[in-house]
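Everything on this sheet refers to the single structure shown next.
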Amino acid sequence: MALVKEDRCEESHKYMGFALHQAKLALEALEVPVGCVILEEGNIIASGRNRTNETRNATRHAEMEAIDELVGQWRKDRLSPSQVAEKFSKCVLYVTCEPCIMCASALSFLGIKEVYYGCGNDKFGGCGSILPLHLASSQTEQGQGGKGYKCSGGIMAEEAVSLFKCFYEQGNPNAPKPHRPVVQREMA
Amino acid sequence: MDSSAWEIIHIPDKPAFSPEHQPTLKVYASVIKPKFANTIVRQLCKIAPLEDLRHVKRVRRKILPDNGEPQLTVILCLAPEHNDHLNDMPPDVQKLIGPYELSPFITQVCKYAAVSKEEWEEQCKIWPTSFHPPTYNIDGIGGFSEEDKQSICKFMSVAINLAVSSHKPLVNAAVIVDPSVKRVIASETDQVYPSSAPCDMTTSETIPFNETGESTHCQSVNREANASSEICLNGVLEKLNGSSPAVACLNPWQWSLQPHDGDKCSQWHPLRHASIVAIESSAARDRYLFPNSSESFGMDHSQPSSADSPAKKQKTSINSPGVQNDSREAAPRDPSMEKPHLCTGYDIFLLWEPCTMCAMALVHQRIKRIFYAFPNPTAGGLGSVYRLQGEKSLNHHYAVFRVLLPGHGHAHNALDLDQGLKHVTAES
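So the protein lines, in turn, are chains A and B.
Convert by adding 3 to the 1-based position in the first sequence; the result is the number in the working numbering.
Convert by adding 86 to the 1-based position in the second sequence; the result is the number in the working numbering.
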């Protein structure tokens, strides 16, 4: 049993490593460093990173980028909505920071199977920190609400936080009135 | 348009209670000797601060009727909600009981700060609180001018007409407006189902903005102009039979149940709710009108001050060849053409209260005010299920208003909507 657990831990670190790589790409592009990968049966089938500054669309979070990649692909493959729902119900998301209220709702709407995240998000977190959107919602007149999804946090949280620190030290170039001047960062 | 038939209600950041039925919390309190008052309060502020109860006065002063002497009672700390044991007090607080001759008892205080004088007067009957009349700086919370109301009704009609005229099953519509110049920035409908996404149109991800963007203005103007034509409406309204299953925010989990014709149309997306699409469209407009401002961050790095950069960005965008069509509109003196930061200062008009996903998306995009016509009891994020305008931890807060359509003070479902819409179209 202990071995299995250790394997799981190693596995989750492996996938979170890929998500962290995406977050680093975001940082290099002067974006808030959050990254994610989506798995299907242990294979990474999509990845995403924050693109809010580039797109000037503050909803373009890593999760949304990865989700759109999948929906686009599956639509191209002529999958029906119910087949796409079936696909999502087998998907696992690894994301470096707890999904925000928007993304946590979106993941519930899609019916994702499981979410693993790095650091918590005590300002916007939708998987328990501020609102518990990962929990099943009650049945409604119109039909069923969400089933909810399993959610575990704290995986390589320090790595995720240190990327945020890097980002805020360099300054957010897109803040309306920067609190700190933007500092030229040396690209590694 | 006769805007007097419309009613605009502010949806506050906490649920509305009748003044007599405000939620309360239990606290430990004790009568204290006036000579100890200062010392005790100072110590309590250190060991048991009442962070979330800033509106509650720590000390109550009462004149005793029998001898005319003032009596001071102090709140020691919060008490557990489920039992009345006095020994559940934190040890630090218990230590004060002996030295200061306290005799703790449990009493109630109001959980939330009063938002009106009536609430405050009721609160003080339980335990004194402080009351600060609202000093909001968001227009409308204190009421609307006739001109503002006219304009709100007009843009709500644009949203309604957009929702009912574009698609067969009724969907939600979102119209983003710059209220300072009364200009439509984006107007979109749900694109969740194949049937609700126009087949001859690709998504804005794939078409250059000058096609979608150019059309945004004209479309909305046309739609507005067509508002009086009931021809297209009647057909849609007949199809309404009491429920609105295709409205994305009302049924966000139901997207996969829709029948699908794989060949007919490939444009659908479970998350493309009207607000999300409208935000995307407004961001695309921003990138189109101000193409260089994003890249300029890289060049501006050496500039010590960024205060003058908006003007600079504006200049570059005017000189850029891609925006010739808009160069007149973008005349430097037109204040509306300053590069917007996301949707700062903008309003959004929606037929239905947005779901939690859309409500949070509107926080992210910095919308200033949200107007909706119908509540969303299944997934609403602005008061029906959750209330994001009242989530203190968020970094942005918008003001939320419900617009009651003429003659339909309390319309709650599509049947009411049906009649409400007939009203609207008859009047506009």
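No residue lacks a Cβ here, since even glycine has one placed at the ideal position from N, Cα and C.
None of the values given here were measured: they were computed from a predicted structure.
Go to B/R455, then tell me how far its beta strand (DSSP E) extends in each direction, as first and last residue.
-> R455 to F460 is the span of the beta strand (DSSP E), which, as asked, contains B/R455.
Which of helix, strand or coil DSSP assigns to B/I149 = In the three-state DSSP reduction, B/I149 falls in the strand class (E or B).
How would you call B/P109, buried or exposed, if buried means at least 16 neighbouring beta carbons within 10 angstroms?
-> B/P109 should be labelled exposed.
Excluding sequence positions up to five away, which residues of its chain have a Cβ less than 8 Å from the Cβ of B/T215?
-> Taking B/T215 as the centre and dropping the five residues before and after it, the same chain places the C-beta of H141, V142, K143, V195, C196, A199, A200, W206 and Q209 closer than 8 Å to its C-beta, in chain order.
heavy atom of the ligand COA below 7 Å from B/T193 C-beta | Absence of the ligand COA is noted for the structure shown, with no ligands found whatsoever.
Mind listing, in chain order, the continuous beta strand (DSSP E) runs of no fewer than 3 residues lying wholly within the segment 114-179 of chain B?
-> You should have 145-149 and 156-164.
My guess is that B/E439 and B/V363 are in contact by the Cβ rule of under 8 Å, so how many angstroms apart are they, rounded?
-> The pair is not a contact, with the Cβ atoms about 17 Å apart (cut-off 8 Å).
Cutoff 8 Å: A/K17 Cβ touching any chain B Cβ | Using beta-carbon distances, A/K17 does not count as an interface residue toward chain B, since no partner is under 8 Å.
Measure from the alpha carbon of A/V95 to the alpha carbon of each residue in A/S132, A/L82, A/E66 and A/C103, then state which is nearest.
-> Nearest option by C-alpha distance: A/E66.
So, are the CB atoms of B/K211 and B/A165 less than 8 Å apart?
-> No; because the gap between Cβ atoms is not below 8 Å, this pair is not in contact.
Grab the span of the beta strand (DSSP E) containing B/L436 for me, first residue to last.
-> B/L436: member of the beta strand (DSSP E) spanning D433 to W438, first to last residue.
Identify every run of the alpha helix (DSSP H) within the segment 38-119 of chain A, keeping only runs that are complete inside it and at least 4 residues long; order them along the chain.
-> Segments of the alpha helix (DSSP H) lying fully in the segment 38-119 of chain A: 55-58, 65-79, 84-91 and 104-113.
Of the listed residues B/S330, B/P356, B/P331 and B/A447, nearest to B/A369 (C-alpha basis) = With distances taken between Cα atoms, B/A369 lies closest to B/A447.
Mind checking the segment 472-484 of chain B against chain A and listing, in chain order, the residues whose C-beta falls within less than 8 Å of any C-beta there?
-> Correct list: Y472, L474, E477, S479, L480 and N481.
Could you tell me whether any Cβ in chain B is nearer than 8 Å to the Cβ of A/E172?
-> No, no contact with chain B.
Any beta-carbon of chain A closer than 8 Å to the one on B/W341?
-> With a threshold of 8 Å between beta carbons, B/W341 makes contact with chain A.
Starting from B/A332, follow the alpha helix (DSSP H) in both directions and report where the run begins and ends.
-> No alpha helix (DSSP H) contains B/A332, which DSSP labels as neither H nor E.
Which residues in chain A sit within 7 Å of B/P338, going by Cβ to Cβ distance?
-> Those within 7 Å of B/P338 in chain A are F112.
Does A/L42 come within less than 8 Å of chain B when only Cβ atoms are used?
-> Taking a beta-carbon distance threshold of 8 Å, A/L42 does not count as an interface residue toward chain B.
Under the rule that 16 or more other beta-carbon atoms within 10 Å means buried, what is A/E13, buried or exposed?
-> A/E13 comes out exposed.
Can you list, in chain order, the stretches of the beta strand (DSSP E) that have 3 or more residues and sit fully within the segment 177-231 of chain B?
-> If we require 3 residues or more, the beta strand (DSSP E) runs fully inside the segment 177-231 of chain B come out as 191-196.
So, are the CB atoms of A/I133 and A/M19 less than 8 Å apart?
-> In this structure, A/M19 does not lie closer than 8 Å to A/I133 by Cβ.
CA-to-CA distance, B/V244 to B/L490, given in whole angstroms = Spanning the two alpha carbons is a distance of roughly 15 Å.
Pairwise C-alpha distance: B/E93 and B/G228 | Answer to the nearest angstrom: the Cα atoms are 14 Å apart.
Where A/E34 falls, given that 16 or more other Cβ within 10 Å makes a residue buried = That one is buried.
Could you name the residues of the segment 361-374 of chain B whose beta carbon sits closer than 7 Å to any beta carbon of chain A, in the order they occur along the chain?
-> Using a CB distance below 7 Å, the part of the segment 361-374 of chain B facing chain A consists of I362, I365, E366, A369, D372 and R373, ordered along the chain.
Closer than 7 Å by C-beta to B/P463: which residues in its own chain qualify, once you throw out the five before and the five after it? Chain order, please.
-> Annotation for B/P463: S470 place their beta carbon closer than 7 Å to its own, counting only its chain and skipping 5 residues before and after.
Can you check whether the CB of B/I133 is closer than 8 Å to the CB of B/D99?
-> Not in contact: B/D99 and B/I133 (Cβ atoms no closer than 8 Å).
To the nearest angstrom, how far is it from the Cα of A/G1 to the Cα of A/E89?
-> The displayed coordinates of chain A run from 4 to 191. Any statement about residue 1 of chain A would go beyond what the structure contains.
Would you call the CB atoms of B/H355 and B/V278 closer than 8 Å?
-> The answer is yes: Cβ separation under 8 Å.
Under 7 Å Cβ to Cβ from A/L30, same chain only, skipping five residues before and after it: list those, please.
-> Cβ neighbours of A/L30 beyond the five flanking positions: P36, L166, C169 and F170.
DSSP state of B/V363 mapped onto helix, strand, coil = The answer is helix: DSSP assigns B/V363 an H, G or I state.
Shortest alpha-carbon distance to B/Q129 belongs to which of B/K181, B/G466 and B/S367?
-> Looking at the Cα atoms, B/K181 is the closest of the given residues.
What residues from chain B crowd round A/G149, counting only those whose CB sits closer than 7 Å?
-> Near A/G149 (Cβ distances below 7 Å), the residues of chain B are W339.
Where the alpha helix (DSSP H) through A/E161 begins and ends | Here the alpha helix (DSSP H) through A/E161 covers A160 to Q173.
Spatial neighbours of B/R414 within its chain, please: CB distance less than 8 Å, with the 5 preceding and 5 following residues excluded, ordered by chain position.
-> Only weak support exists for where B/R414 lies, its pLDDT of 38 falling under 50; the value from the coordinates is given anyway. Same-chain partners within the cutoff: there are none.
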